[in-house]
Each structure stands twice: as structure tokens, then as C-alpha cells.
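Encoded as C-alpha cells, the structure appears first; notes follow it.
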Amino acid sequence: MSLNIPNAPNANLFKQGYNSYDSEDGAVLRNIDACRTISSTVQTSLGPYGRNKIVINHLQKMILTSDAATILRELDVVHPAAKLIVMASQQQEAEMGDATNLVIVLAGELLKKAEDLLRMGLKTSDVVQG
Numbered sequence: 752m753s754l755n756i757p758n759a760p761n762a763n764l765f766k767q768g769y770n771s772y773d774s775e776d777g778a779v780l781r782n783i784d785a786c787r788t789i790s791s792t793v794q795t796s797l798g799p800y801g802r803n804k805i806v807i808n809h810l811q812k813m814i815l816t817s818d819a820a821t822i823l824r825e826l827d828v829v830h831p832a833a834k835l836i837v838m839a840s841q842q843q844e845a846e847m848g849d850a851t852n853l854v855i856v857l858a859g860e861l862l863k864k865a866e867d868l869l870r871m872g873l874k875t876s877d878v879v880q881g
């Protein structure tokens, strides 16, 4: 009698080489990591002693700025969760005209604390409720 290893459900719907993760360990923590990467990118340009960033866009144009909105406008973000943070920053710029960096850094720090709670064993729904 041979061992039969079941395939993932609907495995033939996805491209070859895909990975599937359960919600707690894989997907949520990867989403948090992607958002924190965006946050750490612009975090050093926050405040009066913020550093400038050199951004080279797809046209090979070099831009020197400490404005988070400009930095994010030139980045090509493909991760869906990171895009959500970028869209929140763009909405902040459209409505208020400033504090785009604050939105991203604040979201990154909140997600850092949420990641710590998730790694301690709390469920995602408990973290969302507070």
C-alpha cells in the first residue's frame, strides 16, 4: 500500500510555483513585513533632521527629496498590502496636503506592535478588537 499525499484544493487554478500560507503564520506576517518595509524606507526622512533620499525613476531621472509622497510616487509597489499603505498616504496628501510620512510611519509602528502580539499567540481577530 502506498502513501497518498493529497494536493492542495484548486491547485490547478494557480500558476506553477505558487505558495499557499495559512492566515496566521504566513499571509498576515508577510503582509505586515511588506508594509513595514515601505515604512522603514521613508522613516528616516521624517522630522526636522530627516535625511534626503535619492530616487532614480524608470526614466533614469535622479530625484533628491525627503518628501514621502514624492518617494512613494516614484516607487513601483506591487504587494497588495503595501499598496494599501501607499494609497492611504496618497489620500492624506490629497485631503490635507501634508503628513504623508506620518501616516506611513504610524502604520508601520502599529503593525510592528501587532506582529509582536501575533507572535505571542494572539489571534488576528483579538488584535483587531484591541
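Heads up: the sequence shown begins at 752 in the working numbering, then just goes up one per residue. Cβ coordinates follow ideal geometry from the N, Cα and C atoms, glycine included.
Asked, Found
"How many whole angstroms separate the CB atoms of isoleucine 783 and glutamate 860, which I take to be in contact at a CB cut-off of 8 Å?", "Actually they are not in contact, since the Cβ atoms of isoleucine 783 and glutamate 860 sit about 11 Å apart, beyond 8 Å."
"Are glutamine 843 and valine 828 closer than 8 Å when you measure CB to CB?", "no"
"Roughly how many angstroms lie between the CA atoms of aspartate 818 and leucine 862, to the nearest whole one?", "22 Å"
"Can you name the start and end residues of the alpha helix (DSSP H) that leucine 861 belongs to?", "851 to 871"
"Could you give the first and the last residue of the continuous alpha helix (DSSP H) run that contains methionine 838?", "831 to 846"
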